[in-house]
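Read in numbering that gives the first Met the number 0, the sequence shown has 93 at position 94, and its numbers run on one by one without any break.
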Amino acid sequence: MNRPELAAFLRSRRERITPAEVDPRRRTPGLRREEVAGLAFISIEYYTRLEQARGPRPSREVLTGLARALRLTDAERVHLHHLAGAPPGPPPGPARDVRPSILDLLRRLPGAAAFVTSATYEVLAWNDLAAALMEDFSAVPRRERNLLRRTFLEPDLDGRRLYGVSDPDTFGRTATHHLRAAAARYPDDPELNALVTDLLAGSAEFARLWHSHDVSAQHTLRKTFAHPRVGPVTVNCDVLDIANQDQRMVIYTADPGSPSEEALRLLAVIGTQRMDAVHQKSSSR
């Protein structure tokens with residue numbers, strides 16, 4: 000445990016937080032020591048000793064609380080653990096927070112339907128064209144924003160399976176393989192385990208795919224949506240891995256000058272109320 004470096008790091012992370020992140024009325028930046036202690040569920044005396052380089056080695060639970068209270072990035076969280084002499088274990092579950100730069104990228108793709116999924120295929124963020132092409136994710140509970148649940152458990156929308164996409168079976172097979180790999184990475188995540196349990200109990204097709212133990216995946220580069228308002232929309236499908244987040248950005252684009260490009264333009268007008276918003280719902284919904 001490097002007490003002086005740990006103390007300096009804690010002070011620097013506490014002091015960098017802007018007033019707007021704490022209280023718009025506050026003029027001085029940074030959290031107070033008692034605020035950090037409260038957010039981390041530790042005593043102010045204990046936290047003060049850590050900042051004064053004279054505290055005992057914090058437990059992993061305390062380090063997790065400090066990382067949350069100080070709003071540390073993944074890299075900073077790892078650094079905190081190493082300074083405390085307790086190298087971090089694997090993340091407890093798939094990341095759900097989407098980086099601001101990725102949210103900004105979604106805003107900059109008005110001509111493409113784009114969204115971000117977690118390792119368990121929960122839709123975490125999306126732009127308005129994705130909502131118009133698929134469904135208004137902001138209007139459904141978080142649990143129902145999972146594409147695996149939509150594929151295997153949820154009733155079809157307007158008689159269309161998985162938004163009327165042309166390859167629901169291929170997607171279901173690929174997503175199941177990805178989920179099995181994610182289950183190996185996050186064996187103790189309760190939400191992931193509950194998802195697998197629900198899918199096994201509710202879908203014989205998922206159970207068959209799951210028990211095949213396959214982890215390879217087949218990627219579809221082109222697919223067609225049978226949209227109820229604009230008709231068939233054929234799109235190119237690109238999937239980009241988001242570094243260090245175990246998330247994917249899916250981008251649907253139509254060929255330039257094609258009827259499908261015109262259909263996407265029409266959806267941009269009639270499919271949503273707002274075209275400049277990117278939505279990311281909290282996990283509490």
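Where a beta carbon is used, it is the ideal one built from N, C-alpha and C, also for glycine.
Just the C-alpha distance for residue i and residue j, rounded to the nearest angstrom, thanks.
i           : j           : result
residue 35  : residue 46  : 8 Å
residue 222 : residue 250 : 12 Å
residue 128 : residue 245 : 24 Å
residue 151 : residue 177 : 15 Å
residue 147 : residue 174 : 7 Å
residue 109 : residue 28  : 36 Å
residue 141 : residue 68  : 24 Å
residue 49  : residue 239 : 41 Å
residue 181 : residue 208 : 15 Å
residue 212 : residue 81  : 36 Å
residue 243 : residue 104 : 17 Å
So residue i and residue j are in contact, right, with Cβ under 8 Å, and what is the actual spacing, rounded?
i           : j           : result
residue 79  : residue 66  : 6 Å
residue 144 : residue 121 : 6 Å
residue 234 : residue 252 : 6 Å
residue 70  : residue 16  : 7 Å
residue 161 : residue 149 : 6 Å
residue 285 : residue 163 : For residue 285 there is no data in the structure shown, the boundaries of the chain being 0 and 284.
residue 88  : residue 191 : That pair is no contact at about 16 Å.
residue 43  : residue 241 : That belief does not hold up - the Cβ atoms of residue 43 and residue 241 are roughly 37 Å apart, past 8 Å.
Return helix, strand or coil for residue i, following the three-state DSSP convention.
i           : result
residue 233 : strand
residue 219 : coil
residue 252 : strand
residue 239 : strand
residue 97  : coil
residue 136 : helix
residue 32  : helix
residue 210 : coil
residue 16  : coil
residue 1   : coil
residue 8   : helix
residue 247 : strand
residue 196 : helix
residue 52  : coil
Using a 10 Å radius around the Cβ and a threshold of 16 neighbouring Cβ atoms, would you call residue i buried or exposed?
i           : result
residue 256 : exposed
residue 269 : exposed
residue 53  : exposed
residue 220 : exposed
residue 1   : exposed
residue 126 : buried
residue 226 : buried
residue 193 : exposed
residue 59  : exposed
residue 196 : exposed
residue 272 : Any reading at residue 272 must be qualified, since the residue scores a pLDDT of 46, below 50, and its modelled position is unreliable; no value is offered.
residue 57  : buried
residue 83  : buried
Who does residue i pair with in a DSSP beta bridge?
i           : result
residue 121 : 145
residue 156 : 159
residue 225 : 231
residue 288 : The chain is shown from 0 up to 284; residue 288 falls before or after that span and cannot be answered.
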